[in-house]
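Structure first, then comments.
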Amino acid sequence: MTYDITLVRVRPGLTLQETLDRLNADFDPDADLPLLRLTDAQRAEWGRILERVSREVGSVESEEYLYSLTLETVGPPGRVQFDYCGDTANIEVAYRHSGPAALAVMERAYRIARIVEEESGLTGHDFEVDQPTWSGDPVKAAARLSGVSGWAQQHLS
């Protein structure tokens with residue numbers, strides 16, 4: 002189970018929620034995932050994202066899979082995974098951080114989201130605490146991450 006931040010290319014004339022509703026309506030849980038087919042512009046976005054995250058956030062490892070391009074941060078304060086599919090993307094943080102560690106990892110996640118927004122035009126939203134990543138407060142996100150992590154450690158361990 003992970004704390005997820007969603008990024009999507011909002012379709013012209015639609016809101017973020019309307020775009021997500023259309024994407025979800027088209028989703029077939031029984032179908033195979035579509036293979037990754039990025040345009041030249043999307044490949045260029047990925048290159049800029051990868052370069053900036055490496056420079057501004059720290060060391061990353063990246064892989065190309067059949068369905069997405071992925072980067073993971075390496076080292077403290079904790080792993081943040083970013084999956085890029087061109088018109089959609091997702092940031093994942095494991096529910097294992099609490100207190101100051103939760104704030105440090107969520108500041109990292111929000112920094113990545115903001116880089117993605119700047120380089121790709123995708124719009125990010127943290128539905129866990131219902132705030133946009135561009136103007137949202139990582140402290141609020143960290144409190145949620147910390148609370149769920151603490152609960153999971155007490156009740157699931």
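Under this note's numbering, the first residue of the sequence shown is numbered 2, with each subsequent residue one higher.
We put the beta carbon where it would ideally sit given N, CA and C, even for glycine.
Nearest candidate by alpha-carbon position, reference residue i, set the options
i	options	result
Gly-151	Pro-101, Ile-116, Leu-104 and Tyr-96	Tyr-96
Ala-114	Arg-38, His-98, Ala-142 and Ala-26	Ala-142
Trp-47	Glu-93, Glu-118 and Val-75	Glu-118
Ala-102	Ala-144, Asn-25, Ile-6 and Pro-13	Ala-144
Arg-109	Phe-28, Asp-41, Arg-53 and Leu-15	Arg-53
Leu-36	Ala-153, Glu-65, Leu-51 and Arg-80	Glu-65
One or two residues paired with residue i in a DSSP bridge
i	result
Thr-40	Per DSSP, none; premise fails for Thr-40.
Phe-83	Leu-72 and Ile-92
Ile-6	Ile-92
Other residues of its chain near residue i: CB distance less than 7 Å, five sequence neighbours each side excluded
i	result
Asp-84	Ser-69, Thr-71, Ala-90 and Asn-91
Environment of residue i [buried if 16+ CB atoms lie within 10 Å]
i	result
Pro-139	buried
His-98	buried
Rounded C-alpha distance that separates residue i from residue j
i	j	result
Asp-33	Gly-87	18 Å
Arg-12	Leu-123	10 Å
Phe-128	Pro-78	23 Å
Val-149	Leu-104	13 Å
Asp-22	Val-61	32 Å
Thr-7	Gly-59	22 Å
Met-107	Thr-134	11 Å
Within-8 Å CB hit, residue i to chain D
i	result
Glu-65	You won't find chain D in this structure, because it holds only one protein chain.
Sequence-distant residues of its chain with Cβ nearer than 6 Å to residue i (five each side left out)
i	result
Thr-20	Val-9, Val-11 and Arg-12
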